[in-house]
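**Student:**
In our numbering, the protein residues as written are 49 to 265.
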């Protein structure tokens, strides 16, 4: 299980628009998250969003959760370190490390300059989002170019509320194509059977000797 703890807020009362530190994750459980690579961005992005939304940490990625001020004023008027800022940094460092562990090793070198969880998120989107969108557009065009026999799959892919896994779409198209091929083969077999029954037999003409010849007039 993920470990959480609350931060003592008696000394500082931060505004509600920034990180409150009231629910802090100190360790993440092991999730079966797909590793980020050129082909898994959509699935990776969805899984990360769902997990972090469950822990109220998605704001670290999309910028909706802002960092507290580094220093606050104490009751006697002196500037002191804001404990919420320290907790924010610790939480962000843990989240950054966890996100990096969810990236394929072949792409980790592209993330060497990231410093925050938000940096990881932005870098991942910059690297893969545009390419994924282009692939989706190309695939959507190819789907609409298919024959009517594939209409049910095209409709399902076009109106699905969530992106369909690429492999699932490939499997569905392959299965539909296999059924079409089988149907064509069945029709050809049936046609050959019918044609075979209608052909006149010529075996009898050659039994008992030479075929009859036309006499000379």
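C-beta atoms are modelled at their ideal positions from N, C-alpha and C, and glycine is treated no differently.
1) On the criterion of 16 or more Cβ atoms from any shown chain inside 10 Å, does residue 130 qualify as buried, or is it exposed?
2) Going along the chain, which residues of its own chain have a beta-carbon closer than 6 Å to the beta-carbon of residue 133, five neighbours each way excluded?
3) With distances taken Cα to Cα, identify the nearest neighbour of residue 96 among 86, 122, 109.
4) Provide the residue(s) that pair with residue 119 in DSSP beta bridges, ordered along the chain.
5) Check the DSSP bridge columns for residue 66 and list the partner residues they point to.
6) If you follow the alpha helix (DSSP H) that residue 97 is in, where does it begin and where does it stop?
7) Report buried or exposed for residue 168, applying the criterion of at least 16 other Cβ atoms within 10 angstroms of its Cβ.
8) Measuring alpha carbon to alpha carbon, tell me which residue in 102, 155, 135, 85 is nearest residue 273.
9) Is residue 84 helix, strand or coil by DSSP?
10) Alpha carbon to alpha carbon, what distance is there between residue 66 and residue 137?
11) Report the partner residues of residue 151 according to the DSSP bridge assignment.
12) Report buried or exposed for residue 86, applying the criterion of at least 16 other Cβ atoms within 10 angstroms of its Cβ.
13) Mark residue 72 as exposed unless 16 or more other C-beta atoms lie within 10 angstroms of its C-beta, in which case mark it buried.
14) Can you look up residue 105 in the DSSP assignment and give me helix, strand or coil?
15) Taking residue 174 as the reference, which of 140, 89, 80 has the closest Cα?
16) Would you kindly work out how many angstroms separate the C-alpha atoms of residue 161 and residue 226, rounded to a whole number?
17) Check each candidate in 222, 177, 113 and name the one with the smallest Cα separation from residue 92.
18) Would you please state the rounded distance, in angstroms, between the beta carbons of residue 111 and residue 166? I believe it to be under 8 Å.
19) Straight-line CA distance for residue 99 to residue 121?
20) Quick one, which of 150, 126, 123 has its alpha-carbon nearest residue 94's?
**Tutor:** On the basis of the supplied data:
1) In the chain shown, residue 130 corresponds to position 82, counting from 1. By the neighbour-count rule (16 or more Cβ atoms within 10 Å), residue 130 is buried.
2) Here the question's residue 133 lines up with position 85 in the chain shown. Only 116, 118 meet the Cβ criterion.
3) Sequence index remark: in the chain shown, residue 96 carries index 48 (1-based). Nearest option by C-alpha distance: 109.
4) As a working note, residue 119 is residue 71 in the chain shown. Looking at the DSSP assignment, residue 119 forms a beta bridge with 129.
5) As a first step, residue 66 must be located in the chain shown, where it is residue number 18. In the DSSP output, where bridge partners are listed per residue, residue 66 has 114.
6) Position 49 of the chain shown, counted from the start, is the residue given in the question as residue 97. Start and end: 89-102.
7) One-based indexing of the chain shown puts residue 168 at position 120. With 16 or more Cβ atoms within 10 Å of its Cβ, residue 168 is classed as buried.
8) Nothing in the structure corresponds to residue 273, since the chain is present only between 49 and 265.
9) The count along the chain shown starts at 1 and reaches residue 84 at position 36. Of the three classes helix, strand and coil, the one that applies to residue 84 here is strand, per DSSP.
10) What you label residue 137 is simply residue 89 of the chain shown in a count that begins at 1. What you label residue 66 is simply residue 18 of the chain shown in a count that begins at 1. Each residue's Cα considered, the two are about 13 Å apart.
11) Translated into positions along the chain shown, residue 151 becomes position 103. Bridge partners of residue 151: 84.
12) Position 38 of the chain shown, counted from the first residue, corresponds to residue 86. Exposed, since its Cβ has fewer than 16 Cβ neighbours within 10 Å.
13) In the chain shown, residue 72 corresponds to position 24, counting from 1. With 16 or more other Cβ atoms within 10 Å, it is buried.
14) For the purposes of this step, residue 105 is taken as the residue at position 57 of the chain shown. Note: residue 105 maps to coil in three-state DSSP.
15) Numbered from 1 along the chain shown, position 126 holds the residue referred to as residue 174. Checking every option, the nearest Cα to that of residue 174 belongs to 89.
16) In the chain shown, residue 161 corresponds to position 113, counting from 1. In the chain shown, residue 226 corresponds to position 178, counting from 1. Distance between the alpha carbons of residue 161 and residue 226: 48 Å.
17) As a first step, residue 92 must be located in the chain shown, where it is residue number 44. Among 222, 177, 113, the Cα nearest to that of residue 92 is on 177.
18) Indexing the chain shown from 1 puts residue 111 at position 63. Indexing the chain shown from 1 puts residue 166 at position 118. At roughly 6 Å, the Cβ-Cβ gap stays under 8 Å, so residue 111 and residue 166 are in contact.
19) Sequence index remark: in the chain shown, residue 99 carries index 51 (1-based). Sequence index remark: in the chain shown, residue 121 carries index 73 (1-based). Cα-Cα distance, rounded: 36 Å.
20) Along the chain shown, read from residue 1 onward, the residue named residue 94 stands at position 46. Of the candidates 150, 126, 123, the one whose C-alpha sits nearest the C-alpha of residue 94 is 150.
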